[in-house]
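Engineer:
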Amino acid sequence: MSDITVLVAARNHAVSGRPVRSRADAAAAALALGMSSAVRLLTAGPLPDAVARDYLALGAPLLEVLECGEDADIAARLLPALRDVPWILAGTRSESEHGTGSTGILPYALAAALQRPVVADVLGIQAEGSAWIVTQALPKGARRRLRVQAPAVLVVSAAASPTLRHSLADAMAGRIVRKPLQATKPSSAPTSPSAPVGQRVAGSKRRKLLEARTQQSGHARMLGAIESPSTGGAVLQAGDPHTKAQAVLDYLRTHSLVHF
Amino acid sequence: MSTAYAPQGQLRRVDPRRPAIITPAGLRRIVLGSSEGERISANRLDAPVAKAARSAGPFHRATMVVARAERGALGDAARQAVAAAAILASADTEVILAVLGPCHDDVAALGADRLLAAEDFDANRYQPAACVQWLQGLQAAWAPEHWLFADTGFDGQLGRRFAVQAGLGLACGVVELGADSLRVPAGAGQDWLRPHAQVMLLAKGVASTKLPFVGLGVREPALPVPAISENGIEDLGVQAGDPKTLALEEADFILAAGNGVTDLPLFHSLALEVGAAVGASRVAVDDGRFARAQQIGATGKTVSASAYLALGISGAVQHLQGIKDCRHVIAVNLDASAPIARRADLTVVEDSAALMRALLELVRQQKEAA
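See below:
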């Protein structure tokens, strides 16, 4: 039994629409392969062989594919395979690669079902005894370090940039194990939040903006038509450079933009 | 020939101050021949009218909008989420804004009826489980029908955690919100069209923040964020980003130079002293004074800093495109009528070198005093 399981999936390429390797998933796999433990790649649902080989080329010996139906609950399908795994890694789903309208919910759903903590936006991992030191990305370039004890679920940020190696030998030698779906028993479990609701319709490029209904007088509408969009803020003309510099610093201080 | 205008030598006069009444809808209505109403001069009509409240209550239902405030202010995405909640809310629905951290914004103008601010929230601590528990406390107290989050960074993650923990229906990355349905992209040029979920994470640009009404804006201290331990996770501290190694898109404070900056050593020492990342306009980059990676604008980078200090930049349209997401823009320029003065929140008319020298001196003084 491997210590680390990386959840991978194919995403549809933004232009060609073909299934390709997801960058964040590949980064997660590369981070996991950098650790000394055995790594298993795992996916549920359709994964073409070419994409699977792309993942194996990172150096993983094994990729398991749990086959399931089109609209099946992926979290429920993955759960039995993850119960005894101390470390689960997954890639962040970005805006452009969603399927069911529950973008990026899978790690949270799995962690809640397994009762484990989730650490999101992971950039790097280091082993420290049995624990891991995890570097987390925060906005504005800040980094947070966390000491995480197993078991846990880590969601790797798309900004993580480990070296992604591509080895043809590994891609050829790696095994792809496809596990077919067992005879389904009628599911009595409540549907998870990741189950899709609603219907597929053709999307349009132009999104309809949600606006409040307004009733304006004709006069006000005419004023709006000739109104200039913005006239700018305060203008400081008078004074010597010193008072002006003081004004700039005061502005920065009142909006707490500087800390010294 | 004045006969064409007044054939009988008699001009029909229209009283410009005819009595008019203001209808409940806010329209000015003139009833011909009536002497009822007020004689309002045109000047008074031009004056901005105070917006009416969306609903005076009493409220029986609630929509909760959750956001984290950064430096006491809400981000654009969070403002849009509040506006969306206010637009969709019926007359007996209260729009409650729950903010992690202190919030100094005018929440009534944003459309919120009630502000619950957890003032003691420390953004530097790692406490997602405590935040989720705080939200569950709010759910027990207010029982909101819908939860709205902005689907960005911290807010988006908190929304996902909360929805999963509380077992509520969730719609992520909502790109279109209607009165009773919403759309989320399903890939391959298709959308999922589905009814409203209990928890909705709104993508940027879903709602317009221009509201014809205001909320009630009642401020109320919220329950403190509970102090519970994160299971199996120990926080080793936050390290602030180094502005010198940071990508410009990620920088929080940018000092940008244009053609008006000639004293480069002074400029760089000021940037180092205030801890700002360095950017430049196209002219300064083409001149060879800065690297191409530091160019901000249409052909360079689009930045989203909280503070942008533009020194000697006139503000061509292409440059203004690059700084459209910056929150506070300060311009230093010799020309008060330069286009950047229309964008800037504060324009200082001064030679950039003189101001840089004065500012550097001030900052050094204050750092020594601190």
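Keeping their order, the protein sequence lines are chains A and B. Residue numbers 315 to 574, in the working numbering, belong to the letters of the first sequence in order. Residue numbers 19 to 388, in the working numbering, belong to the letters of the second sequence in order. We put the CB at the ideal spot given by N, CA and C, even for glycine.
In the stretch 91–179 of chain B, which residue ranges form an unbroken beta strand (DSSP E) of at least 3 residues, counting only runs that do not cross its ends?
Structural biologist: 111–118, 132–136, 164–168
Engineer: Please name the residue in M82/B, V100/B, A102/B, A99/B whose C-alpha comes closest to that of A161/B.
Structural biologist: Selected option, being the one with the closest Cα: M82/B.
Engineer: Within the 9 Å Cβ cut-off, does I331/B reach chain A?
Structural biologist: no
Engineer: If the criterion is Cβ atoms closer than 9 Å, does the pair L327/B and V562/A meet it?
Structural biologist: yes
Engineer: Which runs of the beta strand (DSSP E) at least 3 residues long sit entirely within the stretch 359–404 of chain A? Give them in chain order.
Structural biologist: 376–380
Engineer: Spatial neighbours of Y144/B within its chain, please: C-beta separation below 8 Å, excluding the five flanking residues on both sides.
Structural biologist: Sequence-distant Cβ neighbours of Y144/B in its own chain, meaning closer than 8 Å and more than five residues away, are E248, I251, D253.
Engineer: List, in order along the chain, the chain B residues whose C-beta lies closer than 7 Å to that of L566/A?
Structural biologist: A325
Engineer: Are A298/B and A274/B closer than 9 Å when you measure CB to CB?
Structural biologist: For the 9 Å CB-CB criterion, A298/B and A274/B form a contact.
Engineer: Return the first residue and the last residue of the alpha helix (DSSP H) that Q551/A is part of.
Structural biologist: That residue, Q551/A, is in no alpha helix (DSSP H); it is neither H nor E in DSSP.
Engineer: With which residues is S199/B paired in a DSSP beta bridge?
Structural biologist: P213/B
Engineer: In this structure, how does DSSP classify T568/A when only helix, strand and coil are distinguished?
Structural biologist: helix
Engineer: Could you check the C-alpha separation between R375/B and A552/A for me, to the nearest Å?
Structural biologist: Counting only the Cα atoms, A552/A lies some 18 Å from R375/B.
Engineer: Measure the Cβ-Cβ separation of L356/A and L396/A and say whether it is below 9 Å.
Structural biologist: yes
Engineer: Where does S316/A land, buried or exposed, given buried means 16+ other C-beta within 10 angstroms?
Structural biologist: buried
Engineer: Taking the alpha-carbon positions, what's the A441/A to E267/B distance?
Structural biologist: 31 Å
Engineer: State yes or no: is the beta carbon of R457/A nearer than 9 Å to at least one beta carbon in chain B?
Structural biologist: yes
Engineer: Using a Cβ-Cβ cut-off of less than 8 Å, give me the residues of the stretch 385–403 of chain A that come near chain B, in sequence order.
Structural biologist: none
Engineer: How big is the Cα-Cα spacing for L403/A and L200/B?
Structural biologist: In this structure, the CA atom of L403/A is about 31 Å from the CA atom of L200/B.
Engineer: If you draw a straight line from the C-alpha of E291/B to the C-alpha of A240/B, how long is it?
Structural biologist: 38 Å
Engineer: Mind checking if L361/A is an interface residue toward chain B, Cβ cutoff 9 Å exclusive?
Structural biologist: no
Engineer: Please list, in chain order, the chain A residues whose beta carbon lies closer than 7 Å to that of I348/B.
Structural biologist: V562, Y565
Engineer: Any heavy atom of the ligand NAD closer than 8 Å to the Cβ of L523/A?
Structural biologist: Absence of the ligand NAD from the depicted structure is noted, as is the absence of any ligand whatsoever, leaving it without description.
Engineer: Return the first residue and the last residue of the beta strand (DSSP E) that L468/A is part of.
Structural biologist: 466–470
Engineer: Could you round the C-beta distance between V367/B and A354/B to whole angstroms and report it? I think they count as a contact, below 8 Å.
Structural biologist: 5 Å
Engineer: May I ask you to list the residues that DSSP assigns as paired with M218/B?
Structural biologist: L166/B, A189/B
Engineer: Tell me which residues share the same chain as P34/B and place their Cβ nearer than 7 Å to its Cβ, disregarding the 5 neighbours each side in the sequence.
Structural biologist: none
Engineer: Please state the DSSP three-state secondary structure of E267/B.
Structural biologist: helix
Engineer: Could you confirm whether any beta carbon from chain B is found closer than 9 Å to the beta carbon of A338/A?
Structural biologist: no
Engineer: Could you check whether the Cβ of G512/A sits closer than 9 Å to any Cβ belonging to chain D?
Structural biologist: Here the protein chains are A and B, and chain D is not one of them.
Engineer: Taking the straight line between their C-alpha atoms, what separation do you get for G185/B and A483/A?
Structural biologist: 45 Å
Engineer: Just to confirm, is the Cβ distance from T320/B to R300/B under 9 Å?
Structural biologist: No, these two residues do not count as a Cβ contact at 9 Å.
Engineer: Apart from the five residues just before and just after L211/B, which ones in its own chain have a Cβ nearer than 7 Å to its Cβ?
Structural biologist: S199, R201
Engineer: Measure the C-alpha to C-alpha separation of G546/A and T227/B and round it to an integer number of angstroms.
Structural biologist: C-alpha separation (whole angstroms): 19 Å.
Engineer: Restricting to runs no shorter than 3 residues, where is the beta strand (DSSP E) found entirely within the stretch 216–259 of chain B?
Structural biologist: Runs of the beta strand (DSSP E) inside the stretch 216–259 of chain B: 217–220, 236–239, 251–257.
Engineer: Does DSSP put G415/A in a helix, in a strand, or in coil?
Structural biologist: Model confidence at G415/A stands at a pLDDT of 49, short of 50, so the residue's coordinates are unreliable; what they give is reported in the following sentence. Coil, per DSSP.
Engineer: Looking only at its own chain, which residues have a Cβ that is under 6 Å from the Cβ of L219/B, when we skip the five neighbours before and after it?
Structural biologist: F167, D169, G174, G177, C190
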